[in-house]
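J.: The structure follows.
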Amino acid sequence: MTTSNVDALFQPFHLNNLSLKNRIVMAPMTRSFAPGGIPGENIAAYYQRRAAGEVGLILSEGTVIDRPASRNDENIPLFHGDAALAGWKRVIDAVHAAGGKMGPQLWHTDSVASFMTEWVPAAPVESPSGLIAPGQPRGEAMSEEAIADTIAAFASAAANAKRLGFDVAEIHGAHGYLIDQFFWAGTNQRTDRYGGATLKQRARFAAEVVKSMREAVGPDFPLILRVSQWKQQDFAVKLAPSPDEMSDWLVPLVEAGVDILHCSQRRFWEPEFPELDGEGGLNFAGWAKKLTGAATISVGSVGLSGDFMGSFVGEGSKPASLDNLIQRLERNEFDLIAVGRALLTDPNWVTKIRHGEQGALLDFNAADLGELI
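For the sequence shown, our numbering assigns the number 32 to the initial residue and increments by one for each residue that follows.
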């Protein structure tokens, strides 16, 4: 691995009442180490180690809102109920004690089944149109009452995040889960106001979620929305095949109250619209920032040689150059960069990068997914 000047990674970042010491974000990564949905001391220690390792902002694993079938694994943590919220209070206090900043990623898994467990919720799974993918039924189409209750559950979770002392909250609107299924024409076949022929129309549900959360937390508490073009159901799909369509999708969400767009790609260095600006052109986060004016986080196989999807079939990865990333940060293509597997394996990844200790960086092994290092 060769990486030259890393100064761009270690510039402070300020937005509203959020001040970060560097541009590095720990990406949300499902860990399934919360029996009964309650985050324990092991989870608090796991995140505290990353704070001590100088991560600028930690985003938690997906933690679910108060809906009967909001999770697809019984060991995914809840973000509701006294016991779970007490557990998250221990987590944020531990992170703050180590000098870190953190937000929960608030999630509803929709009709998507976990490939890591056969567990299913007792309540019927729900989705915009009772589909898990285009033409593939699973679960129930949500009633307008269920939609209203879900919007309220997101707002309640955001209010609890602020009350517990978290620094931000992130909404999971990517990867084929609930909010993303509303965006996607293939899984949103609704004929009411939450459906529609255009992406802008299908973004109404997400906009109402964001607006309700903004009302719950006030104007200064930062809200992040994670979005993706690709879905786990279809890696090749694109919600917005042009900048105009991307603007129709994302601008109303920023206007509803999103401060930061967390733009998920499988490989951060790939241009979003190569037909417009070439192979070295803006990535997804770059275009999102250009079109909306919002701050953006880029993410996707940062610092490692292999695509993150390979980890689920047992593939490892070696450290890779950060030069392309640094060049993009230096030209302000995006504001922050999220790191996943490298930080999952090594809580001291950031300090090693800062001090030029590239030779001490660790390989990622798929077995690392099976423990809280």
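All C-beta atoms, glycine included, are put in the ideal place defined by N, C-alpha and C.
Would W150 be called buried (16 or more neighbouring beta carbons within 10 Å of its own) or exposed?
T.: Counting Cβ neighbours within 10 Å, W150 comes out exposed, since fewer than 16 surround it.
J.: Look at the alpha carbon of P43 and the alpha carbon of D366, and state the distance between them as a whole number of angstroms.
T.: Roughly 10 Å separates the two Cα atoms.
J.: Helix, strand or coil: how does DSSP classify D97 here?
T.: Coil, per DSSP.
J.: Can you tell me the Cα-Cα spacing of R224 and F266, whole angstroms?
T.: Roughly 28 Å separates the two Cα atoms.
J.: Could you tell me the boundaries of the beta strand (DSSP E) in which V122 lies?
T.: Premise fails: V122 lies in the alpha helix (DSSP H), D113 to A128, not in any beta strand (DSSP E).
J.: So, helix, strand or coil for D180, using DSSP?
T.: If DSSP states are grouped into helix, strand and coil, D180 belongs with the helices.
J.: Using a Cβ-Cβ cut-off of 6 Å (strictly less than) and excluding sequence neighbours within five positions of T323, which residues of its own chain qualify?
T.: Cβ within range, chain order: L281, V282 and V285.
J.: Take every Cβ of the stretch 126-134, pair it with every Cβ of the stretch 170-184, and state whether three or more of those distances are shorter than 8 Å.
T.: Contact between the stretch 126-134 and the stretch 170-184 is absent, because fewer than three Cβ pairs lie under 8 Å.
J.: What are the start and end residues of the beta strand (DSSP E) that includes T327?
T.: From DSSP, the beta strand (DSSP E) with T327 extends over A326 to V330.
J.: Within 10 Å of its beta-carbon, does F214 have 16 or more other beta-carbons around it, so buried, or fewer, so exposed?
T.: Buried.
J.: Can you tell me where the beta strand (DSSP E) with V56 in it begins and where it stops?
T.: Start and end: I55 to M57.
J.: Using a Cβ-Cβ distance under 8 Å, would S145 count as near chain B?
T.: Absent here is chain B; the protein component of the structure consists of one chain.
J.: Any idea which residues DSSP pairs P168 with across the strands?
T.: Answer is L162.
J.: In whole angstroms, what separates the C-alpha of P397 from that of G249?
T.: It is worth fixing the name first, because residue 397 is Ala in this sequence and not Pro. Spanning the two alpha carbons is a distance of roughly 41 Å.
J.: Give the DSSP bridge partners of V285, in chain order.
T.: DSSP output for V285 lists no bridge partner at all.
J.: Can you list, in chain order, the residues of its chain whose CB lies under 7 Å from that of H412, leaving out five sequence neighbours each side?
T.: Residue 412 lies beyond the residue range present for the chain, which begins at 32 and ends at 404; the question has no answer from this structure.
J.: From M244 to A192, what distance separates their C-alpha atoms?
T.: Near 11 Å, if we compare the C-alpha coordinates of A192 and M244.
J.: Please identify the residue among K52, E72 and V199 whose C-alpha is closest to the C-alpha of A114.
T.: Among K52, E72 and V199, the Cα nearest to that of A114 is on E72.
J.: Run through the DSSP bridge pairs and tell me what L40 is partnered with.
T.: According to DSSP, which records beta bridges pairwise, L40 is partnered with nothing at all.
J.: Taking the alpha-carbon of A186 as reference, which of G288, G337 and I163 has the nearest alpha-carbon?
T.: A186 has its Cα closest to that of G288, out of G288, G337 and I163.
J.: Between the Cα of S142 and the Cα atoms of C294, G130 and E157, which residue gives the shortest distance?
T.: Comparing Cα positions, the closest option is E157.
J.: Going by beta carbon distance, what residues of the same chain come within less than 6 Å of P152, once the five residues before and after it are set aside?
T.: These residues qualify, in order along the chain: A100.
J.: If you draw a straight line from the alpha carbon of I368 to that of V330, how long is it in whole angstroms?
T.: Each residue's Cα considered, the two are about 6 Å apart.
J.: In or out: G317 buried (at least 16 other Cβ within 10 Å) or exposed?
T.: G317 is buried by the Cβ-count criterion.
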